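One structure is given here, and the rest of the page talks about it.
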Amino acid sequence: MIRQYSGIVPKGDLLLIQKLCEKLKGRSFIHVNSTREGGGVAEILQRMIPLLKDLGIDARWEVLEGDAAFFEITKKIHNALQGNREKFTKKMWEYYYEVNRKNKRNINLNADAVLIHDPQPAALIDFRRKSSRSGKKIWIWRCHIDVAHPVSGVWPNLKKYIVQYNSAIFSVSKFAKSLPIDEFIVTPSIDPLSDKNRELTDREINEVGEQFGIPRDKPIILQVSRFDRFKDPIGVINAYKIVKKYNDCRLILAGSPATDDPEGETILNEVRDYAGNDPDIHILLLPPDKHKEINALQRMSDVILQKSIKEGFGLTVSEAMWKEKPVIGGAVGGIPLQIVHGLTGFVVYSVEGAAFRIRQFLNNPDMAKRMGQEGREYVRNNFLITRQIRDYLSIWYCSMNRGRHVMEL
Amino acid sequence: MGNKIEPFEFKQCVSIVKSTGKYASNLSELRKLISRVGDESIFHHVYQYFLKGHMLEYTNDFAHWAGEHLEERALAERLSSIDPYTLKSVTEVRKELIREIDDFLSHFPEPRDVAPGSEFYFNETVSLVFPVGVKTRNLAEFLVAIGHIDAGSIYYHFYDSRVRLGEGVVDDFSRWIEHTLYRKRVADKIRAIDPFMHSIESIREHIKEIVEECVRADMEGVED
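Note that the protein sequences, when read in sequence, are chains F and E. Using numbering that gives the first Met the number 0, you'd call the opening residue of the first sequence number 0 and step up by one each time. Using numbering that gives the first Met the number 0, you'd call the opening residue of the second sequence number 0 and step up by one each time.
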């Protein structure tokens, strides 16, 4: 399976993965998150687990189950960790813990390495077997969101679980907290072979255009993201309206609902109202499995935006760069790590800035093409799935050899 | 039968980044933390800067932050002029960084904070070194290999070697070319490549040009 990536990803990543898997062969590695579909974490796990199995690792993926009330609470936790004001009661934290406790009955957490994704299942650590605390079993908490400036009160409630892990992984240095455990930095990644990123024929792209009623008569500006305030869809429409005064164009806002995001529908309705009857604005709500359609929308676009005002990492930026598209992103979360300003795209700080950069790209196709090409190479070296698998295996191996700064394999 | 030639074995270094959890919002905080963090963190922010591959306006992360976020260009230039390979140890690099910052602070004693989100975050790394499965026995084989190995391999043999092998040693490539192939002039040309003035890809191109010229001369029977 890993051979499929040969010739696409950096050779050293493939080699190191194989060498680490030789060392870790037969050991068990479990990932736990809170949604099977929707969002970057689920997408990567769908690809990573079979790949790890193929390399001789006993890899499993378990999903935390919760009801609407639980996901309302965890959405509030998510928002508060990202700096949005939310109210919490003691009962809410008790319910959060209770759902984790119930899940412990259904999830077999006995593995050599346990990787827990995000806050929803973080409390599972409390049910770690006592025998594994002192042994060689490694528990790692993987935080995918921007926790740099949480509102007061929310982090201490989570931190009491996080400090029980062997180590934590954050996507960006500035998200890391001052903790008494090892903290690694691992940027997320995209899969170049998935339906969302593989090459498409012109016919496949045109079919999707027809399916969604998008004429290919003028330049297309696209933002792909959940309908979430932090993604600033209203700001994107405002930027489009400024551009429209100078350059005729279309705007596509495309997103999928996620089972752990109860706010999505409210925001979607607000965005629809705000767009009004403009025939050049296309608001598309796609089921989470429509990866090929997202791929085609990205490939038919001329400029791709991720104008977030809060962001975990913003992998849609790497997806667009992989397709050699010029990108514009908000200067938040992991976006500036992907967009080297002026080299692989532009980082912006306002609606006006986004509009100005869109106009620059629409009026300078050579520059747009050059940045697109630079972007693809940058993603190849830094943001492909093999690099992330390499990093997870390396952290597991490093945790088994704690205290060593250089290891020869 | 001649003497058996010791082949050049290409290796690669992959570094996994660890956060120290410490960060600085202004120059005084940066100075304080430079004096306190572990050697691994100074090593990462100075020596491993070249792993980034494309940004070469500065020569280490501290200079980059001073220039781009503190917007203290003069300090950035001075920090950039520190050559870690002429200093004997990380301890000396640390002293030199502190000396430059102290000198700057003596003239401009009231540093301001950077914008939120632009703080300097102190990291360190754990490095995994592994052979990439390529061994070369002559310059023609070396020429093919240097064109195809990953950038991380060039970093390991061209930059990391300067620290790994100790004082007086420049890079693995020229060492092998001089001491195993006895091609001192080729080795000298590789040593003359300024490590601070090029991206890794540009260094690859320079080495390729130097070696290709030599291989061509060999094929034409022209002595270098």
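By construction, the Cβ of each residue, glycine as well, lies at the ideal position given by its N, Cα and C atoms. None of the values given here were measured: they were computed from a predicted structure.
For F/His116, the uninterrupted beta strand (DSSP E) run begins and ends at Ala112 to His116, by DSSP. In the three-state reduction of the DSSP assignment, F/Gln17 falls in the helix class, which pools H, G and I. With contacts defined as CB atoms closer than 8 Å, E/Tyr158 and E/Tyr57 fail to qualify as a contacting pair. Assignment of F/Pro187 by DSSP, reduced to helix, strand and coil, places it in the coil class. F/Ala58 has F/Phe28 as its beta-bridge partners, per DSSP. Out of F/Thr73, F/Gly82 and F/Asp125, the CA that lies nearest to the CA of F/Met91 is found in F/Thr73. E/Val221 has its alpha-carbon roughly 43 Å from the corresponding atom of F/Asn381. A Cβ of chain E is located within less than 8 Å of the beta carbon of F/Ile184. Put simply, the backbone Cα of F/Arg197 is about 17 Å away from that of F/Pro287. For F/Phe169, the nearest CB of chain E lies under 8 Å from its own CB, placing it at the interface with that chain.
Distances from the CA of F/Phe70 to each of F/Glu376, F/Cys142, F/Pro118 and F/Val235 were compared; the closest alpha carbon is that of F/Pro118. Restricting attention to beta strand (DSSP E) runs no shorter than 3 residues, the segment 144 to 197 of chain F encloses them at 166 to 169 and 181 to 184, ordered along the chain. Not one beta carbon of chain F lies nearer than 8 Å to the beta carbon of E/Asn59.
When secondary structure is reduced to three states using DSSP, E/Ala114 falls in the coil class, being assigned neither helix nor strand. Inter-residue distance for F/Ile236 and E/Phe195 is about 44 Å (C-alpha atoms, whole angstroms).
Residue contact with chain F for E/Gln47: absent (no Cβ-Cβ distance below 8 Å to any residue of chain F).
Under the three-state reduction of DSSP, F/Asn83 is assigned to coil, being neither helix nor strand. For F/Val150 against F/Arg84, the beta-carbon gap comes to about 6 Å, under 8 Å, which counts as contact. The C-beta distance from F/Gly11 to E/Val13 rounds to 6 Å, short enough to fall under 8 Å. Here F/Ser188 is near F/Ile384, since their CB atoms are less than 8 Å apart. Here the alpha carbons of E/Ser126 and F/Leu15 stand approximately 12 Å from one another.
For a cut-off of 8 Å, the C-beta gap from F/Leu252 to F/Val270 is around 7 Å, short enough to register as a contact. Rounded to the nearest angstrom, the Cβ distance from F/Val98 to F/Gly152 is 20 Å, too far for a contact under 8 Å.
Three or more Cβ pairs drawn from the segment 133 to 140 of chain E and the segment 5 to 12 of chain E lie within less than 8 Å of each other, which places the two stretches in contact.
Short of 6 Å from the beta carbon of E/Leu74, and not among the five residues preceding or following it, lie these beta carbons of its own chain, in chain order: Ala65 and Phe103. Against F/Arg389, the close residues of chain E are Val13, in the order they occur along the chain (beta-carbon pairs closer than 8 Å). Close CB contacts of F/Ile180 within its chain, under the 8 Å cut and outside five residues either way in sequence, are with Ile161, Val162, Tyr164, Asn165, Ser166 and Ala167 (chain order).
The straight-line gap separating the alpha-carbon atoms of F/Ile139 and F/His116 is approximately 9 Å. Shown here, E/Phe9 sits in a strand according to DSSP, grouped into three states. Straight-line spacing of the CA atoms in F/Gly329 and F/Glu206 works out to 31 Å. The distance from the Cβ of F/Met299 to that of F/Val378 is about 19 Å, inconsistent with a contact at the 8 Å cut-off. Under the three-state reduction of DSSP output, F/Asn237 falls in the helix class. Using a CB distance cut-off of 8 Å, E/Tyr158 does not count as an interface residue toward chain F. Distances from the alpha-carbon of F/Tyr96 to those of F/Ala68, F/Gly275, F/Lys18 and F/Ala110 put F/Ala68 closest. Within the DSSP secondary-structure output, E/Ala23 pairs in a beta bridge with E/Phe119. For the segment 13 to 32 of chain E, the residues whose beta carbon sits under 7 Å from a beta carbon of chain F are, in order, Val13, Ile15, Val16, Lys17, Ser18 and Gly20.
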